[in-house]
Ligand SMILES: CCCCC/C=C\C/C=C\C/C=C\C/C=C\C/C=C/C(=O)SCCNC(=O)CCNC(=O)[C@H](O)C(C)(C)COP(=O)(O)OP(=O)(O)OC[C@H]1O[C@@H](n2cnc3c(N)ncnc32)[C@H](O)[C@@H]1OP(=O)(O)O
Ligand SMILES: Cc1cc2nc3c(=O)[nH]c(=O)nc-3n(C[C@H](O)[C@H](O)[C@H](O)COP(=O)(O)OP(=O)(O)OC[C@H]3O[C@@H](n4cnc5c(N)ncnc54)[C@H](O)[C@@H]3O)c2cc1C
């Protein structure tokens with residue numbers, strides 16, 4: 015038995031796909047350890063996949079696209095119950111990374127009845143509930159004695175939290191908060207699993223004490239009877255209906271009619287209200303936004319995974335799909351041979367790697383900030399907020415674009431739900447909206463950048479934090495890309511720094527200039543906001559490049575280092591071309607330098623070509639996790655597409671009731687009228 019570098023090779027696979035794997039120059043298990051940030055976790059992922067493969071009760075009973083929403087929810091609940099019961103036989107207790115993988119394999123990406131329970135409800139209680147409150151609720155939540163969600167967004171307001179309409183008015187006499195929804199637009203709207211599954215929620219409401227509005231605060235609120243699951247008196251609750259995707263999650267609505275909860279249901283780790291109504295303010299005004307920051311920090315990796323699902327499907331399929339010739343004397347080629355196909359897919363493969371490396375750094379910073387905040391040190395909260403706001407927006411935007419490119423790269427079959435592309439796109443693109451609409455979050459980062467620009471302009475660059483220190487540096491007069499002997503990636507990084515710095519300072523100048531001309535601050539802000547968001551994007555893309563460079567520098571295995579270096583070359587050249595307007599407009603990069611960048615791009619497309627399949631295989635998605643006929647590991651696409659079509663519910667009978675009822679009579683009457 016030959017041992018190949020690519021560990022996905024099996025006998026009996028489509029030979030076209032095997033041929034791709036044989037050309038791989040690096041060990042895919044070792045690359046998985048880079049992607050999943052540790053050899054141990056990558057190994058555990060494989061072990062978990064194997065355990066699941068041997069347990070048919072954890073497999074889908076039929077393809078998701080053939081199920082109704084109700085069937086999917088039932089099926090998902092069945093599997094959720096099983097994995098909850100048998101969790102300790104499959105994953106290490108309380109290992110959230112393993113849990114994430116188990117969920118993706120068994121439950122899939124369309125959500126499940128406890129999605130928000132793990133992603134936001136438990137994190138909100140962990141970060142915001144006092145020790146005493148945690149004893150009361152957190153243990154029950156972890157044991158799944160209760161199921162919760164995070165209810166913040168309303169029908170009328172999602173972005174502007176200060177204008178939420180749900181109120182929590184403190185009644186000193188009874189020591190209770192009275193939750194109330196005064197209008198239709200004040201109904202909570204969107205919270206995942208609120209509609210039908212949760213019996214508790216962390217609810218965000220404007221807190222009023224003795225007539226004073228203290229702004230948004232978080233409350234632990236029982237919604238349904240723990241025994242009957244019936245809504246409690248004073249609660250109006252239900253599902254908001256089908257969405258673009260993610261339909262196994264019952265996003266819901268919620269209204270309160272003068273609904274009373276004890277004072278002690280205000281989450282009081284950082285904020286307190288004494289029995290007499292005295293308010294004790296938190297060490298940082300936005301400390302109770304932590305559940306959002308938790309998801310924003312983790313969703314970078316989540317988005318990278320969804321982008322990689324689509325790229326795995328498209329790259330494997332492009333290796334078995336033959337269409338047309340390049341040399342007309344030769345047989346039809348794999349569509350992956352076309353430079354246009356490579357240009358469509360490979361830069362996104364590089365982006366997916368870049369995103370997962372940036373995501374790992376973000377989670378590390380998040381965990382550090384979480385620990386520090388627990389001890390009262392809030393000094394890094396603003397940096398983390400700025401970083402995650404930018405990354406969340408940039409990564410989800412390019413992820414959606416990349417998935418759509420991958421879908422189109424699969425031609426007509428990409429449009430079939432057999433590819434699973436539409437669901438992957440629908441789920442991923444939700445990330446552009448949830449946890450803060452992308453434009454809004456870019457503007458949050460812009461506030462941080464403008465403050466930093468102001469330090470530069472006032473000669474206080476030494477006060478800049480590490481993430482923005484480059485703003486205080488001076489650029490060379492022009493980029494030295496292609497002008498110096500090999501300088502690694504340093505020249506590219508300097509060029510991206512120049513572009514981000516120039517745009518940030520320019521946008522800040524515009525904003526400050528408008529104010530100097532007499533515009534009020536918010537008007538000046540609005541009139542500068544497109545330019546400010548451009549700065550936020552460029553700053554974030556610089557961060558992503560730097561995270562990629564940092565990772566490649568750390569890699570010791572020479573084979574991995576070589577292919578990751580190739581990917582990084584592709585990434586920096588592609589990114590620079592993509593933002594070339596900024597580079598050209600002040601002459602920092604010349605058009606002849608861009609020709610060099612273009613040549614480099616084409617060179618690295620060709621260099622990566624033999625490793626393309628191995629690069630996507632390295633994510634080690636099982637067929638169960640991918641749920642795509644086109645993306646099958648074995649490459650046997652056509653026979654399985656035919657089997658899939660035959661299994662379509664419409665093919666259960668040869669003649670549909672609709673034909674009997676309508677089409678047959680229509681044709682019969684048409685024939686009769688001709689007689
Ligand atoms: C392996 C582990 C697996 C874990 C799995 C985890 C994730 C998996 C991946 C994917 C997730 C999958 C599924 C989840 C699906 C859906 C869940 C969705 C949930 C939701 O959408 S919940 C609702 C989210 N809503 C929002 O995000 C609303 C957006 N709006 C806001 O955040 C705020 O309104 C605002 C825009 C930030 C403004 O805040 P506001 O208080 O009104 O503003 P100002 O008073 O003007 O203050 C601005 C001021 O405050 C600073 N600030 C704001 N936020 C923070 C913060 N969080 N930390 C620190 N500082 C903050 C800001 O910087 C400004 O400071 P200035 O100094 O400039 O004044
Ligand atoms: C799949 C999904 C799951 C969700 N899950 C949850 C959940 O579990 N819990 C929960 O509470 N919520 C949830 N949400 C709600 C989500 O967080 C909000 O929809 C999101 O924060 C955007 O708010 P919005 O809908 O009010 O958009 P809006 O703010 O109305 O945005 C509309 C447009 O206005 C622009 N805009 C708004 N304000 C500004 C501004 N200040 N400056 C410039 N432009 C602006 C936006 O950029 C956008 O183009 C979910 C949403 C989705 C799609």
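Numbering (the working numbering), first residue to last: 15 to 689. We put the beta carbon where it would ideally sit given N, CA and C, even for glycine. Computed from a prediction, not measured in an experiment: that's the story for all the values here.
Item to check | Residue range of the unbroken alpha helix (DSSP H) whose run includes residue 276 | outcome: By one-based count along the chain shown, residue 276 stands at place 262. Counting along the chain, residue 276 falls outside any alpha helix (DSSP H), though it belongs to the beta strand (DSSP E) covering 273 to 276.
Checklist entry - Any heavy atom of ligand 2 closer than 7 Å to the CB of residue 195? => result Taking the chain shown and counting its residues from 1, the one referred to as residue 195 is at position 181. Residue 195 Cβ: outside cutoff for every heavy atom of ligand 2.
Item to check | 8 Å contact criterion, which residue 643 and residue 654 should meet: CB distance rounded | outcome: Numbered from its first residue, the chain shown carries residue 643 at position 629. Numbered from its first residue, the chain shown carries residue 654 at position 640. Rounded, the Cβ-Cβ distance is 5 Å, consistent with contact.
Checklist entry - What's the call for residue 508, buried or exposed, on a 16-neighbour Cβ count within 10 Å? => result Residue mapping note: residue 508 aligns to position 494 of the chain shown, counting from 1. Buried, because 16 or more other Cβ atoms sit within 10 Å of the Cβ of residue 508.
Checklist entry - Any contact of the stretch 181 to 190 with the stretch 241 to 252, i.e. 3+ C-beta pairs under 8 Å? => result no
Checklist entry - In the DSSP assignment, what are the bridge partners of residue 472? => result Taking the first residue of the chain shown as 1, we reach residue 472 at position 458. In the DSSP output, where bridge partners are listed per residue, residue 472 has none listed.
Checklist entry - For the alpha helix (DSSP H) that residue 525 lies in, which residues bound it at each end? => result Counted from its first residue, the chain shown places residue 525 at position 511. Element bounds for residue 525: 504 to 530.
Item to check | Buried/exposed call for residue 345, threshold 16 Cβ in 10 Å | outcome: Within the chain shown, residue 345 is the residue found at index 331, counting from 1. By the neighbour-count criterion, in which 16 or more other beta carbons inside 10 Å mark a residue as buried, residue 345 falls on the exposed side.
Item to check | Best match in 268, 391 and 383 for proximity to residue 398 [C-alpha to C-alpha] | outcome: Within the chain shown, numbered from 1, the residue matching residue 398 stands at position 384. The residue with the shortest Cα to Cα distance from residue 398 is 383.
Item to check | Close beta carbons around residue 476, own chain, < 8 Å, minus the five adjacent residues each side | outcome: Position 462 of the chain shown holds residue 476. 486, listed in sequence order.
Checklist entry - Quick one: is residue 675 buried, meaning 16 or more other Cβ sit within 10 Å of its Cβ, or exposed? => result As a working mapping, residue 675 is identified with position 661 in the chain shown. By the neighbour-count rule (16 or more Cβ atoms within 10 Å), residue 675 is not buried but exposed.
Checklist entry - When the Cα atoms are used, what is the spatial distance from residue 163 to residue 298? => result Counting from one through the chain shown, the residue named residue 163 turns up at place 149. Counting from one through the chain shown, the residue named residue 298 turns up at place 284. Looking at the two C-alpha atoms, the distance is approximately 24 Å.
Item to check | Rounded C-alpha distance that separates residue 429 from residue 436 | outcome: Looking up residue 429 in the chain shown gives position 415. Looking up residue 436 in the chain shown gives position 422. For residue 429 and residue 436, the distance between alpha carbons rounds to 7 Å.
Checklist entry - Short check: CB of residue 468 to CB of residue 538, under 8 Å? => result Residue mapping note: residue 468 aligns to position 454 of the chain shown, counting from 1. Residue mapping note: residue 538 aligns to position 524 of the chain shown, counting from 1. For the pair residue 468 and residue 538, the CB atoms are not nearer than the 8 Å cut-off.
Checklist entry - Nearest CA to the CA of residue 381: which residue from 515, 422, 403 and 309? => result As a working note, residue 381 is residue 367 in the chain shown. Selection 515, 422, 403 and 309 evaluated against residue 381 yields 309 as nearest (Cα-Cα).
Checklist entry - From residue 319 to residue 438, what does the alpha carbon distance come to, in whole angstroms? => result Your numbering for residue 319 matches position 305 in the chain shown. Your numbering for residue 438 matches position 424 in the chain shown. Between residue 319 and residue 438, the C-alpha separation is close to 10 Å.
Checklist entry - Quick one: is residue 504 buried, meaning 16 or more other Cβ sit within 10 Å of its Cβ, or exposed? => result As a working note, residue 504 is residue 490 in the chain shown. Classification of residue 504: exposed, given that the 10 Å Cβ count is below 16.
Checklist entry - Should residue 1 be listed as close to ligand 1, given that the test is whether its C-beta is under 7 Å from any heavy atom? => result With the chain covering 15 to 689 only, the question about residue 1 has no answer from this structure.
Next on the checklist: Looking at residue 360: is its Cβ nearer than 8 Å to the Cβ of residue 584?
Outcome noted: To locate residue 360, count along the chain shown from 1; it is residue 346. To locate residue 584, count along the chain shown from 1; it is residue 570. The Cβ-Cβ distance between residue 360 and residue 584 falls below 8 Å.
Checklist entry - What separation, rounded to the nearest whole angstrom, lies between the Cα atoms of residue 658 and residue 36? => result Locating residue 658 in the chain shown gives position 644, where the first residue counts as 1. Locating residue 36 in the chain shown gives position 22, where the first residue counts as 1. About 29 Å.
Item to check | Cutoff 6 Å; reference residue 506; Cβ partners in own chain excluding five residues on either side | outcome: Sequence index remark: in the chain shown, residue 506 carries index 492 (1-based). If we look at residue 506 and ignore the five residues flanking it on each side, its Cβ neighbours are 586.
Item to check | beta-carbon residue 422 near ligand 1 non-hydrogen atom, thresh 7 Å | outcome: For the purposes of this step, residue 422 is taken as residue 408 along the chain shown, with counting starting at 1. The answer is no for residue 422.
Checklist entry - In the DSSP assignment, what residue or residues form a beta bridge with residue 690? => result Lying before the first or after the last residue shown, residue 690 is absent from the chain, which here runs from 15 to 689.
Item to check | Helix, strand or coil at residue 674 according to DSSP, with G and I counted as helix | outcome: On the chain shown, position 660 is the one that residue 674 refers to. Here residue 674 sits in helix by DSSP.
Checklist entry - Does the beta-carbon of residue 628 have 16 or more other beta-carbons within 10 angstroms, so that it is buried, or is it exposed? => result Here residue 628 refers to the residue found at position 614 when the chain shown is read from its first residue. Label assigned to residue 628: buried.
Checklist entry - Excluding five sequence neighbours on each side, which residues of the same chain lie with their C-beta closer than 8 Å to the C-beta of residue 630? => result Working through the chain shown from its first residue, we reach residue 630 at position 616. The answer, listed in chain order, is 322, 325, 326, 329, 330 and 363.
Checklist entry - By DSSP, does residue 285 sit in helix, in strand, or in coil? => result Working through the chain shown from its first residue, we reach residue 285 at position 271. Judged by DSSP in its simplified three-state form, residue 285 adopts coil rather than helix or strand.
Next on the checklist: Tell me whether residue 204, by its Cβ, gets closer than 7 Å to a heavy atom of ligand 2.
Outcome noted: Counted from its first residue, the chain shown places residue 204 at position 190. Shortest gap from the CB of residue 204 to any heavy atom of ligand 2: under 7 Å.
Next on the checklist: Less than 8 Å between the C-beta atoms of residue 28 and residue 649, yes or no?
Outcome noted: Taking the chain shown and counting its residues from 1, the one referred to as residue 28 is at position 14. Taking the chain shown and counting its residues from 1, the one referred to as residue 649 is at position 635. Going by C-beta atoms, residue 28 is nearer than 8 Å to residue 649.
Checklist entry - Considering residue 100, what are the terminal residues of the alpha helix (DSSP H) in which it resides? => result What you label residue 100 is simply residue 86 of the chain shown in a count that begins at 1. Looking at the DSSP string, the run of the alpha helix (DSSP H) that includes residue 100 is 83 to 104.
Item to check | ligand 1 heavy atom lying under 7 Å from the CB of residue 110 | outcome: Here residue 110 corresponds to residue number 96 of the chain shown, with the count starting at 1. Yes, Cβ of residue 110 sits closer than 7 Å to a heavy atom of ligand 1.
Next on the checklist: Bridge partners for residue 182 per DSSP, in chain order?
Outcome noted: Position 168 of the chain shown, counting from 1, holds the residue named residue 182. Answer is 193 and 221.
Item to check | Whether residue 209 touches residue 252 by CB criterion (8 Å) | outcome: Residue mapping note: residue 209 aligns to position 195 of the chain shown, counting from 1. Residue mapping note: residue 252 aligns to position 238 of the chain shown, counting from 1. With respect to the 8 Å criterion, residue 209 and residue 252 are classified as neighbours on the basis of their beta carbons.
Checklist entry - If you draw a straight line from the C-alpha of residue 412 to the C-alpha of residue 313, how long is it? => result Along the chain shown, read from residue 1 onward, the residue named residue 412 stands at position 398. Along the chain shown, read from residue 1 onward, the residue named residue 313 stands at position 299. Each residue's alpha carbon lies about 13 Å from the other.
Checklist entry - At what residue ranges does the stretch 51 to 86 contain a whole run of the alpha helix (DSSP H), taking only runs of 4 or more? => result Listed in chain order, they are 53 to 67.
Next on the checklist: Just to check my reading of the structure: residue 414 and residue 546 have Cβ atoms closer than 8 Å, yes? What is that Cβ distance to the nearest angstrom?
Outcome noted: For the purposes of this step, residue 414 is taken as residue 400 along the chain shown, with counting starting at 1. For the purposes of this step, residue 546 is taken as residue 532 along the chain shown, with counting starting at 1. With 8 Å as the limit, residue 414 and residue 546 do not qualify as a contact, their Cβ atoms being about 22 Å apart.
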